[in-house]
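Enquirer: Before we start, here is the structure in question, set down as structure tokens.
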Amino acid sequence: MEEGYESRRGSRWEELDTDILVRIFQKFSIFELTSGLAHVCSGWRAACCDPILWKTLDLSHMRSSFIKIPLEPYVYVERRSDEALTRILKLSMNLSGGNTRALVFHFNLFLSDDQLTYTAERCPGLRRIVLPAWNRIKKTGICKAIRIWKDLESLTMPSIANPPYLLTEIAKNCKNFKELKIMGPFEIFFANTLITYLPNLKTLSLRCSAIKREALIKILDGLPDLEVLNISHSYLVEYSVWQPQQKVIVRELDKTILEKASRLKRFLTCMEHETCVMCQRTENDEGIVRWYKYEEGEWKVDEVSSLHL
Numbered sequence: 001m002e003e004g005y006e007s008r009r010g011s012r013w014e015e016l017d018t019d020i021l022v023r024i025f026q027k028f029s030i031f032e033l034t035s036g037l038a039h040v041c042s043g044w045r046a047a048c049c050d051p052i053l054w055k056t057l058d059l060s061h062m063r064s065s066f067i068k069i070p071l072e073p074y075v076y077v078e079r080r081s082d083e084a085l086t087r088i089l090k091l092s093m094n095l096s097g098g099n100t101r102a103l104v105f106h107f108n109l110f111l112s113d114d115q116l117t118y119t120a121e122r123c124p125g126l127r128r129i130v131l132p133a134w135n136r137i138k139k140t141g142i143c144k145a146i147r148i149w150k151d152l153e154s155l156t157m158p159s160i161a162n163p164p165y166l167l168t169e170i171a172k173n174c175k176n177f178k179e180l181k182i183m184g185p186f187e188i189f190f191a192n193t194l195i196t197y198l199p200n201l202k203t204l205s206l207r208c209s210a211i212k213r214e215a216l217i218k219i220l221d222g223l224p225d226l227e228v229l230n231i232s233h234s235y236l237v238e239y240s241v242w243q244p245q246q247k248v249i250v251r252e253l254d255k256t257i258l259e260k261a262s263r264l265k266r267f268l269t270c271m272e273h274e275t276c277v278m279c280q281r282t283e284n285d286e287g288i289v290r291w292y293k294y295e296e297g298e299w300k301v302d303e304v305s306s307l308h309l
């Protein structure tokens, strides 16, 4: 009896085949991998370094503890929150060995330039980045990261007032770039910048945004390689001819837009402002959806499957 018990005890966790450990560890979160599992023993650490576990570094459940302030960068991030993020990034980068291909941040995770640069230098093969909030990231920081990410194909980002500097870097450095999601209003200037610097763009998502009607027409005319366009839960804006300062919300797509969009493989729309909850939220929030007011994770949703998190 005792011999049988000892025999069963002889098969220890740390002696399990690495492939089996990796399959088990795939069920755990990034936080569990970095905070506990990797420190158990050398065998477990080796398993934690397997590239399969780090193909996607999903930090979408980690948000900053911050308060809004009246001056740039308009947020103050608590020091402990910053330190926790830095720790997770360092541990993750050490274990991943540069094998991360997709990196996802929460829309309320406020990265600093140093944190972004550190991450970019340690995962140069990144192909997809989800960066919804970048109040503390300066022009030099994001441009440096883009120069490192030569293989970048997909970017999720907020709307910005001065897009040329960013899209210029993408055009110069990311030859395989094909997919863009913008979380925020879409203006004519942004449309013109896209046409100028990313004419070969394949997929564009502008869901839950206020979109200038003229800007929509411009990209339908000016992006000949565009295949997929998502404007679900958005509304179009134009200005009255007689009162240039008066904004008019367009609730239906007209014949001109539908004809121009007919060449696309997929044109995703939803403008049911009377019955669709997301359409109502976009309009209530004036085209800049305040995701923190709604269900956790709602900001991750996209009708384009490759952009859905």
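Numbering-wise, the UniProt record's numbering puts 89 at position 89 of the sequence shown, and it's gapless, one number per residue. Just so you know, even glycine gets a beta-carbon here, dropped at the ideal spot from N, CA and C. What you are looking at is a predicted structure, and each value in this text was computed from that prediction instead of being measured.
#1: Could you tell me if Ile132 is buried or exposed, where buried requires 16 or more neighbouring beta carbons within 10 angstroms of its beta carbon?
#2: With distances taken from CA atoms, which of Cys208, Thr196, Thr100 is nearest Tyr165?
#3: Please tell me whether Ser205 and Leu167 are closer than 9 Å, where the distance is taken between their beta carbons.
#4: Go through the stretch 206 to 279 residue by residue and report every complete run of the beta strand (DSSP E) that reaches 3 residues or more, in order.
#5: Could you check which residue in Ala84, Phe107, Asn135 has the C-alpha nearest to that of Ile129?
#6: Within the same chain, show all residues whose beta-carbon is closer than 6 Å to that of Arg147, passing over the 5 residues directly before and after it, in chain order.
#7: In whole angstroms, give me the CA-to-CA distance for Val77 and Gln115.
#8: When the Cα atoms are used, what is the spatial distance from Gly141 to Asp113?
#9: So Leu226 packs on Leu264, CB below 8 Å; how close in whole Å?
#10: I think Arg122 touches Glu153, with their Cβ atoms under 8 Å apart; what is that distance to the nearest whole Å?
#11: Out of Phe31, Thr34, Arg45, Gly36, point me to the one whose CA is closest to Leu21's CA.
#12: Rounded to the nearest angstrom, what separates Ser253 and Arg290 at their Cα positions?
#13: Compute the distance between the beta-carbons of Ala261 and Gly222, then report whether it is under 9 Å.
#14: Under 7 Å Cβ to Cβ from Gly184, same chain only, skipping five residues before and after it: list those, please.
#15: Which word fits Arg207, buried or exposed, when buried means at least 16 other C-beta atoms lie within 10 angstroms of its C-beta?
#16: Less than 8 Å separating the Cβ of Arg263 from some heavy atom of the ligand MN?
#17: Assign Ser35 to one of three DSSP states: helix, strand, or coil.
#18: Starting from the N-terminal side, write out each stretch of the beta strand (DSSP E) that is 3 residues or longer and does not extend beyond the stretch 92 to 130.
Expert: According to the data block:
#1: The sequence given here places Pro at residue 132; Ile does not occur at that position. Buried, since its Cβ has 16 or more Cβ neighbours within 10 Å.
#2: Thr196
#3: no
#4: 210 to 212, 228 to 230, 235 to 239, 247 to 250, 266 to 268
#5: Phe107
#6: Asn173
#7: 13 Å
#8: 5 Å
#9: 6 Å
#10: Going by Cβ atoms, the distance from Arg122 to Glu153 rounds to 19 Å, so no, they are not a contact pair.
#11: Arg45
#12: Strictly speaking, residue 253 in this sequence is Leu, with Ser absent from that position. Roughly 25 Å separates the two Cα atoms.
#13: no
#14: Pro158, Ser159, Ser209, Ile288
#15: buried
#16: The ligand MN is absent from the structure shown, which contains no ligands of any kind.
#17: helix
#18: 102 to 105, 128 to 130
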